[in-house]
Amino acid sequence: MLTSSLLLATAGPARADDPVPDTTPPVMVSTGLIDGQYIRPFHEIFPSATDDVAPQWAQVLVDGKRTGDGLFGPWQGKLYGQVVLADTIPDGAHVEVGVRVQDAARNWSDTLSTRVIVDRIKPTATISPSGDFIPAGRSVTLTATNVPADATKIVMYDRLDRELARATAAPWKLPLNTADLGTWNSVRITITDRASSETDYYRFFDIDTTGPEISIESQVPGRIGPGTQAVLGFADDRSGVARAEWWVDGAVRGRNLDQLNYDFGTRERTATVELRVWDKLGNMTVGRYPFTIDTQAPTLVSHTPGANARVRGTTLRASLRLSDPSGTGWVMTEEGYGPIGDDPYTATFPLYADGKQTLGWVVSDIWGNRRKVYQTVVVDNTGPSVGWLSPGANALVRGSRITSTVKAADGAGIRSATLSGAKADTAAPYTASIAAGSDGKKTLTWTVLDKLGNRTTVRRTVIVDNTKAKLTVTAAPKNKAKVKGTVKITAAASDKNGVAKVQLLVNGKVVATDSKAAYQFSLNTKKYGKKIKIQLRAYDRAGNVTTTTPRTWRR
Numbered sequence: 001m002l003t004s005s006l007l008l009a010t011a012g013p014a015r016a017d018d019p020v021p022d023t024t025p026p027v028m029v030s031t032g033l034i035d036g037q038y039i040r041p042f043h044e045i046f047p048s049a050t051d052d053v054a055p056q057w058a059q060v061l062v063d064g065k066r067t068g069d070g071l072f073g074p075w076q077g078k079l080y081g082q083v084v085l086a087d088t089i090p091d092g093a094h095v096e097v098g099v100r101v102q103d104a105a106r107n108w109s110d111t112l113s114t115r116v117i118v119d120r121i122k123p124t125a126t127i128s129p130s131g132d133f134i135p136a137g138r139s140v141t142l143t144a145t146n147v148p149a150d151a152t153k154i155v156m157y158d159r160l161d162r163e164l165a166r167a168t169a170a171p172w173k174l175p176l177n178t179a180d181l182g183t184w185n186s187v188r189i190t191i192t193d194r195a196s197s198e199t200d201y202y203r204f205f206d207i208d209t210t211g212p213e214i215s216i217e218s219q220v221p222g223r224i225g226p227g228t229q230a231v232l233g234f235a236d237d238r239s240g241v242a243r244a245e246w247w248v249d250g251a252v253r254g255r256n257l258d259q260l261n262y263d264f265g266t267r268e269r270t271a272t273v274e275l276r277v278w279d280k281l282g283n284m285t286v287g288r289y290p291f292t293i294d295t296q297a298p299t300l301v302s303h304t305p306g307a308n309a310r311v312r313g314t315t316l317r318a319s320l321r322l323s324d325p326s327g328t329g330w331v332m333t334e335e336g337y338g339p340i341g342d343d344p345y346t347a348t349f350p351l352y353a354d355g356k357q358t359l360g361w362v363v364s365d366i367w368g369n370r371r372k373v374y375q376t377v378v379v380d381n382t383g384p385s386v387g388w389l390s391p392g393a394n395a396l397v398r399g400s401r402i403t404s405t406v407k408a409a410d411g412a413g414i415r416s417a418t419l420s421g422a423k424a425d426t427a428a429p430y431t432a433s434i435a436a437g438s439d440g441k442k443t444l445t446w447t448v449l450d451k452l453g454n455r456t457t458v459r460r461t462v463i464v465d466n467t468k469a470k471l472t473v474t475a476a477p478k479n480k481a482k483v484k485g486t487v488k489i490t491a492a493a494s495d496k497n498g499v500a501k502v503q504l505l506v507n508g509k510v511v512a513t514d515s516k517a518a519y520q521f522s523l524n525t526k527k528y529g530k531k532i533k534i535q536l537r538a539y540d541r542a543g544n545v546t547t548t549t550p551r552t553w554r555r
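All residue numbers for the sequence shown refer to full-length UniProt numbering, where the first residue is 1 and numbers rise by one.
Written out as structure tokens, the structure reads:
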């Protein structure tokens with residue numbers, strides 16, 4: 001029956017609305033190659049053809065034989081094909097590449113052929129400089145030599161395939177600004193020949209755009225004696241040091257990196273010694289070092305304690321170091337104690353009331369240049385200021401531990417805070433906890449030390465209450481009672497430290513709260529289902545919770 005139906009369907013006359021069959025074959029326009037073109041053993045082509053609808057498939061032939069995977073569909077909206085040469089076809093051979101296309105109605109075009117030349121040899125070159133890591137400064141030029149005659153271009157790319165430089169003829173030079181590499185210190189150099197064959201080379205750079213590390217050395221840093229003096233120079237660079245120049249008073253005074261000998265004169269002044277050093281990549285570092293020609297008294301620096309340091313006690317041992325190109329003659333305190341021994345110079349000063357106090361020294365160099373130097377300290381024999389944050393005085397507390405927090409401040413800083421021997425955290429405000437113990441009064445004692453060792457102690461009394469309030473239902477329908485309308489519920493609650501509130505819970509949810517004795521509630525049973533579960537819950541002022549046995553009513 002199926003066969004008969006098909007025969008009847010095909011035997012009937014054509015209807016006016018039947019589509020007209022497409023019998024027009026496509027017409028080839030181009031194979032995507034040109035006569036005499038060089039091609040690779042595997043060569044992609046983009047042929048073109050016209051058709052009243054659109055070409056769908058392409059077939060590629062080499063010397064009349066199919067190549068590749070047979071039929072090739074469109075790629076990125078264009079006809080596409082692959083020329084795959086057999087291994088038996090030698091380099092330099094001339095072959096006929098034929099292409100024909102098929103439309104959607106399976107009409108084949110005529111085959112269009114192009115005669116091309118096989119190029120199996122990939123291009124090569126010598127890229128210099130060579131090596132695993134090429135030293136490079138802010139710029140470097142790569143050069144290709146031994147480039148084959150059929151090379152068409154050499155292009156340099158970064159790690160993101162962005163083109164950095166291109167050469168299309170000798171000399172094959174590729175300039176590079178190393179800043180263009182970003183965070184990737186490597187490039188790919190691609191050489192392409194006339195058959196579009198490519199060979200990649202990679203170069204990795206040790207990029208050095210930093211000048212040498214330099215320093216100088218003199219008898220006393222920043223100070224120098226009168227007359228001819230020596231300054232030593234030092235430089236280090238991973239690319240190697242190329243040359244150096246010493247500049248003083250606006251002119252070059254030497255080119256020997258190791259040492260400068262220069263007459264600085266005899267008058268008091270500041271002279272800047274400038275050292276310029278270049279590495280082998282052309283990076284330069286300039287160091288400028290001001291020197292004072294020393295005709296003054298020693299320079300005094302007190303190290304113990306530092307300026308405006310806080311100190312405690314009734315006396316203070318302070319020490320200092322002196323710097324003078326001529327050497328120190330003697331040191332005394334302003335109050336006449338001395339002369340004091342060798343550097344570091346140490347003396348004992350009396351301390352007075354809290355606040356700023358000035359320590360005075362008198363120093364002289366070997367030439368008799370004398371000066372007074374003063375150092376200010378802050379006398380601090382007062383403990384930290386401490387304020388309570390929690391709990392409040394006579395506060396009710398519950399639980400197995402009592403947590404307390406205080407604030408504390410001191411100009412010298414807080415060293416530690418303890419609550420009845422328990423250490424607190426190390427950041428203000430300070431919090432610690434101790435065991436609550438039994439019900440009743442409990443004294444909390446905070447001891448706070450500042451960083452100088454001054455102590456402050458504060459105390460506060462709290463009341464420990466871990467006993468629950470007594471709670472009873474004094475009037476209400478009994479368990480499993482049948483209820484209707486509005487039901488009255490009363491309760492009695494008591495606690496030695498007071499009751500805070502009593503709550504009515506219906507089916508596990510709080511529906512009413514009463515904070516005044518006697519505790520009374522009215523419940524409209526119509527708002528609830530056939531089965532109602534009620535319970536009372538009381539909180540004492542310490543937060544302890546008491547609940548009654550649940551009662552279930554039916555409506």
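Ideal Cβ positions, reconstructed from N, Cα and C, are used throughout, including at glycine.
The DSSP-derived three-state label of residue 86 is coil. Apart from the 5 residues on each side of it in sequence, residue 295 sits with its Cβ closer than 6 Å to the Cβ of 268 in its chain, given in chain order. A distance below 6 Å between beta-carbons, with the five flanking residues on each side excluded, links residue 234 to the following residues of its chain, in chain order: 215. Annotation note: the segment 10-74 contains the following uninterrupted beta strand (DSSP E) runs of length 3 or greater, listed N- to C-terminal: 27-30, 42-45, 48-50, 55-62 and 65-72. Closest by C-alpha distance to residue 24, out of 54, 40 and 47, is 54.
Rounded to the nearest angstrom, the Cβ distance from residue 318 to residue 357 is 11 Å, too far for a contact under 8 Å. Fully enclosed beta strand (DSSP E) runs of no fewer than 3 residues occupy 370-379 and 385-390 of the segment 370-394, in order along the chain. Residue 179 carries a helical assignment under DSSP once its states are collapsed to helix, strand and coil.
According to DSSP, residue 430 shares a beta bridge with 406. Of the residues 437, 430, 426 and 412, the one whose Cα lies closest to the Cα of residue 452 is 412. DSSP lists 513 and 537 as the bridge partner or partners of residue 503. Relative to the Cα of residue 507, the nearest Cα in the group 501, 536, 484 and 309 belongs to 536. C-alpha of residue 266 to C-alpha of residue 339: approximately 30 Å in a straight line. When 531, 441, 323 and 360 are compared, the shortest CA-CA separation from residue 479 is found for 531. Residue pairing by DSSP places residue 224 opposite 293 in a beta bridge.
Proximity to residue 515 across 529, 541, 67 and 108 peaks at 541, based on C-alpha coordinates. Excluding the 5 residues flanking it on each side, residue 150 has same chain C-beta neighbours closer than 6 Å at 193 and 194, in chain order. Between the alpha carbons of residue 402 and residue 415 lies a gap of roughly 23 Å.
Taking the C-beta atoms as reference points, residue 85 is found no nearer than 7 Å to residue 58. Cβ neighbours of residue 418 within its own chain (closer than 6 Å, five residues either side excluded): 447.
For residue 279, the enclosing beta strand (DSSP E) stretches over residues 270-279. Under the DSSP assignment, residue 490 falls in the beta strand (DSSP E) whose first and last residues are 486-494. Under the criterion of beta carbons closer than 8 Å, residue 33 and residue 114 qualify as touching, at roughly 4 Å. Note: residue 121 is not bridge-paired with any residue in the DSSP secondary-structure output. A direct Cα-Cα distance of roughly 24 Å separates residue 408 from residue 463. For residue 201, the enclosing beta strand (DSSP E) has its first and last residue at 198-207.
Taking the C-beta atoms as reference points, residue 97 is found no nearer than 7 Å to residue 109.
Per DSSP, the continuous beta strand (DSSP E) segment holding residue 252 begins and ends at 251-254. With contacts defined by Cβ atoms closer than 7 Å, residue 136 and residue 207 form a contacting pair.
Pairwise C-beta distances place the segment 245-254 out of contact with the segment 173-188, as fewer than three of them are shorter than 8 Å. Distance from the Cα of residue 331 is smallest, within the candidate group 345, 91 and 488, for 345. Each residue's CA atom was taken as its position, placing residue 426 and residue 450 some 12 Å apart.
One Cα belongs to residue 513, the other to residue 495, and the distance between them is close to 17 Å.
Under the criterion of beta carbons closer than 8 Å, residue 205 and residue 154 do not qualify as touching, at roughly 18 Å.
With respect to the 7 Å criterion, residue 469 and residue 548 are not classified as neighbours on the basis of their beta carbons. For residue 478, the secondary structure class from DSSP, reduced to helix, strand or coil, is coil.
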